[in-house]
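Shown next, in structure tokens, is the structure this report addresses.
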Amino acid sequence: MTKQKYGLNTICTHIGEIKDEQFKGAVSPMYLSTSYQFDNVDIKRYPRYFNTPNQEFLSKKIATLEHTEAALIFGSGMAAISHMFLAFLQKGDHIVVQNTLYGGTSNFIREEFPKYGIEFTFTDGYSVADFEKAIQSNTKVIHLESPSNPLLTITDIKGVSALAKDHGIISTIDNTFASPINQNPIDLGVDVVMHSATKYLGGHSDILAGAVASSQLHIDRIWNVSKNLGGSLSDMTVWMLERSMKTLALRVKAQTKNAKKLATFLNQHDAVAKVYYPGLKDHPEHALAKAQMHDFGAMMSFELKDGIDAMAFQNQLQLIKSSMSLAGVESTMLLPAKTSHALLSQEERDAVGISDRLIRFSVGIETFRDLKNDIEQAITKTKATSIA
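Set out below in structure tokens:
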């Protein structure tokens, strides 16, 4: 762990900014050049090498927030996770993957790894014992996601990380749902942390990006693969991401505060069958989440009771958007069975508990009362329509 001398808001605002030495502007200059001097310079800069000025400095902000030595920024979350996997896996290797995780990751593993001769095992559950049981002699990576997408399962990060170290295995985690504001897996022993920066790091539903943070040694290994695959991000988007991250802590804390209130409201509602949110005391891993997270996050999912159509309910929402992505300042809902996990078969979705009635709820920064009222009116109208 790298000890930080600044608080979160100060890190978000100032670390990773480029000082405008020429005109003394208050924000980082944007360097759009794709060609830089190659002789008599300490660094040979090139966008595909992830080292343009904007790329380099934003990486410092992300590394500081995740308590790591270094970071890399990619063109998407899937670019980040795929480059990370390919840096530590080769033909004949094996990876243990948590069974409850983002559908795009599952699909990438199932479709692409066989082409590379990489073996994989999805765990039966998400306990340390489940991970240990899946380890083989050729296992090189253990990948987890906590909280998971979309069921908000909580994995014992410290326990799985220790298990990996005992076997000489690299541990990786998707920390997108928590964000570095609510969780720092490096402090719990994880080797490599990745984010879909499209989500909380960007936070305004207008940026597509990914990030990986780790030790300099691991980042160098990932960079060595990534420079060949070409998944770098344009400096226009890098500049926008650095701008957006200035308010990261403020946004996430406001969203988390709303989420805790809404989870309680939904958990007590007579039209809701179940709420998945680690901040609720009846969540199976509430105590574990409390121990390893700084706060419980702004993501949840819930199931409506039989007779209340989930899609009809979403169509009645007036304020909360029915939207594909998550973690923007605006609240959004979607059906994982039709979006994030649509690439999985019905059988695969059933196996991990993703029903057609499951709704994923990304809580925004709106006034709590307005979000509560929107949900109430949508349920009332959906019930009336189904009765009619």
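Taking my numbering, the leading residue of the sequence shown gets 974, the next gets one more, and so forth.
Yeah, the Cβ is synthetic: ideal placement off N, Cα and C, and Gly gets one too.
Mark residue i as exposed unless 16 or more other C-beta atoms lie within 10 angstroms of its C-beta, in which case mark it buried.
{"i": "F1011", "result": "exposed"}
{"i": "H1191", "result": "buried"}
{"i": "M1366", "result": "Nothing about residue 1366 can be read from this structure; the chain reaches only from 974 to 1361."}
{"i": "P1087", "result": "exposed"}
{"i": "T1171", "result": "buried"}
{"i": "T1007", "result": "exposed"}
{"i": "S1169", "result": "buried"}
{"i": "A1102", "result": "exposed"}
{"i": "T1128", "result": "buried"}
{"i": "F1104", "result": "buried"}
{"i": "Q1291", "result": "exposed"}
{"i": "A1315", "result": "exposed"}
{"i": "I1352", "result": "buried"}
Contact check, residue i vs residue j under 8 angstroms by CB: the rounded distance?
{"i": "H1056", "j": "I1195", "result": "6 angstroms"}
{"i": "E1258", "j": "T1126", "result": "7 angstroms"}
{"i": "G1204", "j": "F1047", "result": "5 angstroms"}
{"i": "P1123", "j": "R1333", "result": "4 angstroms"}
{"i": "L1062", "j": "I1082", "result": "The Cβ separation is near 10 angstroms, so there is no contact."}
Less than 8 angstroms separating the beta-carbons of residue i and residue j?
{"i": "A1273", "j": "G1183", "result": "The identity of residue 1273 in the sequence shown is Met, whereas the question assumes Ala. No, these two residues do not count as a Cβ contact at 8 angstroms."}
{"i": "L981", "j": "L1214", "result": "no"}
{"i": "N1231", "j": "V1133", "result": "no"}
{"i": "A1036", "j": "E1029", "result": "no"}
{"i": "T1149", "j": "V1165", "result": "no"}
{"i": "K1131", "j": "L1161", "result": "yes"}
{"i": "G1270", "j": "P1120", "result": "yes"}
{"i": "E1276", "j": "S1328", "result": "yes"}
{"i": "L1174", "j": "C985", "result": "no"}
{"i": "D1147", "j": "I1054", "result": "yes"}
{"i": "I1293", "j": "L1344", "result": "yes"}
{"i": "T1229", "j": "N1155", "result": "yes"}
{"i": "I1281", "j": "K1356", "result": "yes"}
{"i": "I1115", "j": "I1159", "result": "no"}
{"i": "V1185", "j": "A1044", "result": "yes"}
{"i": "L1253", "j": "A1236", "result": "yes"}
{"i": "V1163", "j": "A1060", "result": "no"}
{"i": "S1304", "j": "E1339", "result": "yes"}
Please report how far the alpha carbon of residue i lies from the alpha carbon of residue j, in whole angstroms.
{"i": "R1342", "j": "T1094", "result": "44 angstroms"}
{"i": "A1285", "j": "T1358", "result": "9 angstroms"}
{"i": "D1243", "j": "Q1289", "result": "18 angstroms"}
{"i": "A1246", "j": "S1049", "result": "35 angstroms"}
{"i": "I988", "j": "K1017", "result": "23 angstroms"}
{"i": "T975", "j": "Y1009", "result": "Any reading at T975 must be qualified, since the residue scores a pLDDT of 48, below 50, and its modelled position is unreliable; the value itself is stated next. Approximately 32 angstroms, taken between the alpha carbons."}
{"i": "A1324", "j": "S1298", "result": "23 angstroms"}
{"i": "Q1319", "j": "P1309", "result": "12 angstroms"}
{"i": "T983", "j": "V1225", "result": "15 angstroms"}
{"i": "Y979", "j": "L1038", "result": "10 angstroms"}
{"i": "Q1287", "j": "D1279", "result": "15 angstroms"}
{"i": "Y968", "j": "D1015", "result": "The question about residue 968 has no answer here: the residues shown for the chain are numbered 974 through 1361."}
{"i": "T1096", "j": "L1181", "result": "30 angstroms"}
{"i": "A999", "j": "G1326", "result": "49 angstroms"}
{"i": "Q1241", "j": "F1058", "result": "41 angstroms"}
{"i": "Y967", "j": "L1005", "result": "Since the first residue shown for the chain is 974 and the last is 1361, residue 967 is missing from the structure and cannot be characterised."}
{"i": "D1208", "j": "P1002", "result": "11 angstroms"}
{"i": "K1138", "j": "Y1099", "result": "18 angstroms"}
{"i": "Y1022", "j": "D1066", "result": "27 angstroms"}
{"i": "D1268", "j": "A1135", "result": "23 angstroms"}
{"i": "K1106", "j": "G1076", "result": "23 angstroms"}
{"i": "V1302", "j": "E1084", "result": "33 angstroms"}
{"i": "L1117", "j": "E994", "result": "43 angstroms"}
{"i": "K1219", "j": "Q1189", "result": "24 angstroms"}
{"i": "E990", "j": "K1064", "result": "40 angstroms"}
{"i": "F1238", "j": "N1157", "result": "28 angstroms"}
{"i": "V1211", "j": "K1034", "result": "12 angstroms"}
{"i": "D1255", "j": "L1206", "result": "41 angstroms"}
{"i": "I1348", "j": "A1283", "result": "12 angstroms"}
{"i": "M1024", "j": "L1202", "result": "Correcting the residue identity first, residue 1024 is Asn in this sequence and not Met. Between N1024 and L1202, the C-alpha separation is close to 15 angstroms."}
Could you tell me whether any Cβ in chain B is nearer than 8 angstroms to the Cβ of residue i?
{"i": "L1290", "result": "Any reference to chain B falls outside this structure, which holds one protein chain only."}
| task | Within the stretch 1004 to 1086, note down every full alpha helix (DSSP H) run reaching 4 residues or more, in order along the chain. | result | 1026 to 1038, 1050 to 1061
| field | beta strand (DSSP E) segments (min. 3 residues) lying fully within the stretch 1272 to 1325 | value | 1272 to 1277, 1305 to 1307
| task | Ignoring anything shorter than 4 residues or poking outside the stretch 1179 to 1207, list the alpha helix (DSSP H) runs there in chain order. | result | 1189 to 1202
| task | Entirely within the stretch 1083 to 1116 and at least 3 residues each: give me those beta strand (DSSP E) ranges in chain order. | result | 1092 to 1095
| query | Counting only runs that start and end within the stretch 1213 to 1265, where is the beta strand (DSSP E) found for 3 or more residues in a row? | reply | 1245 to 1249
| query | Which runs of the beta strand (DSSP E) fall wholly inside the stretch 1116 to 1155 and span at least 3 residues, in chain order? | reply | 1143 to 1147
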